[in-house]
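Numbering (full-length UniProt numbering), first residue to last: 1 to 696. Below is one structure, written out as structure tokens, with a few remarks after it.
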């Protein structure tokens, strides 16, 4: 019998009525309960409190979740019992629900399909139904005192007010007797929650739910099985009573959880009208918290993956060596993301070569290398080539099961990253996404290391072309030089030195420093070096050579300038050597006497490339046997240790104890002293050039 309207009454002095409009908010059920509680207190119907609050919660929660409109709560209490209607303003049709004391066993399954909350209403309410309203619909229920006598059904009439309704009895007119769970038990089942302070509250929570459910339906045993999809397989989350018998007809209800979670609730219970609906209700309640657990674990896992990717990026970025970078990638992947990992790099002919590999079991590494190097139509190599060709991941089958991801950086396909599946489970989508991200970062790191290696090779080649491969061996004159490039070995410095013969039989010693670094500084360095060689080779005097070189740099422009020291070394009186010194903005050299210590000599001049005219006074310095003249660049004197500079005075003091040593020893000792002054790599090139009178 379908309800078209809720029952009404004309009202009376003993009637208590409340009408409240509430928003569609999560706090609405609590407000509705408060309204019902106050009416029950006024009408002195406290014995109906548990059932009334439980059913009010179900109807108001259902309306908030599904209608999502404002709600009207109407509560009417009299001497016989309580009537509650929850009305919403949602458009659309509603299902017609049967009105009566309770539905019979055949109808309970139908009610359970429509909603678990209506199952509770059907169980506890004296009668219930729906009311069609112009603005929406309403669902109502009636609770009567256990010792009260409800009026007959013919007292029902259409309207907005609610009133008692008759109970439908059996053929003899007696009330229908139905056994089921008590309101207190249902309330405890619905209000049971996990311990918020426990590290892992789900096992205890599931056990509590299962025990309450088994007690309510008379089950002898039950299990809750759960597979979290983490490779551990299906685990028993909760157990009650004796294990369910395998030969019995178990009541199985799947847990409503998202992948990779899966599970079910098993009960060894006698079939009854309420066993399956209550089991389904319990499974849904447990599934809600399991889903929260899945999301929490997924969030923790994703945070861990983000941390892993950040650490991987940092490690890969720290290495600018190609071989080391490729060897680092498998170490990052295994064993966290796979059982094994291999990096293949394509050569200029497109052939894949194994660059690095790792396995969780080191004893299997030789076999892994052998399989990865095999060729043929069915080999892993063929699948790797396919991954490069199509530009996306491909599965690997057979002994080395897994998948391969192409290594692509800046649109260039460098090779492949092959990863073997985990020992216990296959890769889930999150792991696949992380591996693809690792492949992108690894490819970029390998390409950056390649670019850096190429830059370093070019810089070294260019730097070597600006320095003499060896210094000449001249009888009676010792030449020695030390050169330390800047800490960035991919940069070309502006420091240079040279020793070349002059047409008059003397030797010219050149040391200079071009401002700046890089290719532009190297170009100016090469220009200065070549112009000097040409001019002095044509027999030009050193002052004229400096003037011509200055004119060349000024005409060239570009803002680059050069400091230079030229020294023409030739025989003097007796065993002496005469040094004709010209300084063009360069630091004064240190004269190291075999007996009188160390001192600065020479007169400063104008740097080249700044002004149209320059001055470069000539200084003639005699070198007795055992004396040495030490040239250097500002990379020595400007070597820093915090705010402290190495400085020219410290250089002179370091040179003084070296009197009497060969040119090679003096240059090496000064280089070592300057380098050891600071733990930091050099910020500027360091060049030291020594001339010594080796005459006996």
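Positions of the beta carbon are idealized from the N, C-alpha and C atoms, including for glycine. Since this is a predicted model, take the numbers as computed values, not measurements.
Counterpart residues of residue 503 in DSSP-defined beta bridges: Beta-bridge partners of residue 503 (DSSP): none assigned.
Beta strand (DSSP E) containing residue 222: first to last residue? Residue 222: member of the beta strand (DSSP E) spanning 221 to 227, first to last residue.
How big is the Cα-Cα spacing for residue 573 and residue 624? Rounded to whole angstroms, residue 573 to residue 624 spans 10 angstroms at the Cα level.
In terms of alpha-carbon separation, which member of 348, 186, 389 and 45 lies closest to residue 146? Considering only 348, 186, 389 and 45, the residue with the shortest C-alpha distance to residue 146 is 45.
Could you tell me the distance, in whole angstroms, from the CA atom of residue 241 to the CA atom of residue 48? Rounded to whole angstroms, residue 241 to residue 48 spans 33 angstroms at the Cα level.
Based on the DSSP output, what are the partners of residue 342 in its beta bridges? Under DSSP, the beta-bridge partners assigned to residue 342 are 357 and 418.
Exposed or buried, residue 34, counting other C-beta atoms within 10 Å across all chains shown (16 or more means buried)? Under this definition residue 34 is an exposed residue.
Helix, strand or coil at residue 76 according to DSSP, with G and I counted as helix: Looking at residue 76 - three-state DSSP - the assignment turns out to be strand.
Exposure label - residue 337; buried when at least 16 CB within 10 Å: Residue 337 is classed as buried because its beta carbon has at least 16 other beta carbons within 10 Å across all chains shown.
Per DSSP, what kind of secondary structure is residue 256 in: helix, strand or coil? Correct three-state label for residue 256: coil.
On the DSSP letters alone, give me the boundaries of the beta strand (DSSP E) that residue 550 sits inside. Residue 550 -> not in any beta strand (DSSP E); alpha helix (DSSP H) instead, spanning 542 to 556.
Give me the residue from 277, 19 and 250 with the minimum Cα distance to residue 122. For the options 277, 19 and 250, the alpha carbon positioned closest to that of residue 122 is the one of 277.
Restricting to runs no shorter than 4 residues, where is the alpha helix (DSSP H) found entirely within the stretch 615 to 660? With a minimum length of 4 residues, the continuous alpha helix (DSSP H) runs that stay inside the stretch 615 to 660 are 634 to 637 and 647 to 655.
Contacts around residue 633, its chain only, beta-carbon distance under 6 angstroms, and the 5 residues preceding and following it disregarded: Correct list, in chain order: 495, 513 and 687.
Beta-carbon gap between residue 25 and residue 63 smaller than 8 angstroms: Going by C-beta atoms, residue 25 is not nearer than 8 angstroms to residue 63.
Going by DSSP, what residues sit across from residue 140 in a beta bridge? Bridge partners of residue 140: 85 and 129.
With DSSP as the reference, label residue 276 as helix, strand or coil. Collapsing the DSSP output to three states places residue 276 in a helix.
For my contact list, residue 438 and residue 312 are in at a C-beta cut-off of 8 angstroms; report their separation, rounded to the angstrom. The Cβ separation is near 6 angstroms, so the contact holds.
What runs of the beta strand (DSSP E), each 3 residues or longer, lie entirely inside the stretch 399 to 473? You should have 402 to 409 and 412 to 420.
Would you identify the three-state DSSP class for residue 369, choosing helix, strand or coil? Of the three classes helix, strand and coil, the one that applies to residue 369 here is helix, per DSSP.
Roughly how many angstroms separate the alpha carbons of residue 343 and residue 458, rounded to a whole number? When rounded, the distance between both Cα atoms is 27 angstroms.
Assign residue 586 to one of three DSSP states: helix, strand, or coil. Three-state result, residue 586: coil.
Give a yes or no on whether the minimum CB-CB distance between residue 83 and chain D is below 8 angstroms. The structure shown contains no chain D, having only a single protein chain.
Starting from residue 60 and walking both ways along the alpha helix (DSSP H), at which residues does that stretch end? For residue 60, the uninterrupted alpha helix (DSSP H) segment begins and ends at 49 to 66.
In the DSSP assignment, find the unbroken beta strand (DSSP E) run with residue 268 in it and report its ends. Per DSSP, residue 268 is one residue of the beta strand (DSSP E) stretching across 262 to 268.
Could you give the first and the last residue of the continuous beta strand (DSSP E) run that contains residue 237? It spans 235 to 241 - the beta strand (DSSP E) in which residue 237 sits, taken as one unbroken run.
Roughly how many whole angstroms lie between the Cα atoms of residue 334 and residue 420? Distance between the alpha carbons of residue 334 and residue 420: 9 angstroms.
Rounded C-alpha distance that separates residue 609 from residue 597: Rounded to the nearest angstrom, the two C-alpha atoms are 35 angstroms apart.
For residue 386, tell me which candidate among 369, 368 and 406 has the shortest Cα-Cα distance. Nearest C-alpha to residue 386: 406.
Do residue 214 and residue 224 have their C-beta atoms closer together than 8 angstroms? No, these two residues do not count as a Cβ contact at 8 angstroms.
Check whether residue 289 and residue 194 have beta carbons under 8 angstroms apart: Contact: yes.
Contact between the stretch 661 to 668 and the stretch 476 to 488 (3+ Cβ pairs under 8 angstroms): Counting Cβ pairs under 8 angstroms, three or more are found: they touch.
Per-residue DSSP class, three states only, for residue 107: Since pLDDT at residue 107 reaches only 42, below the 50 mark, its modelled position is unreliable, and the value read off the structure follows with that caveat. Helix, per DSSP.
Can you have a look at residue 57 and say buried or exposed, based on whether 16 or more other CB atoms are within 10 angstroms of its CB? When all chains shown are included, residue 57 counts as buried.
Based on the DSSP output, what are the partners of residue 568 in its beta bridges? For residue 568, DSSP records a beta bridge to 508 and 580.
Would you call the CB atoms of residue 404 and residue 416 closer than 8 angstroms? Taking 8 angstroms as the Cβ cut-off, residue 404 and residue 416 qualify as a contacting pair.
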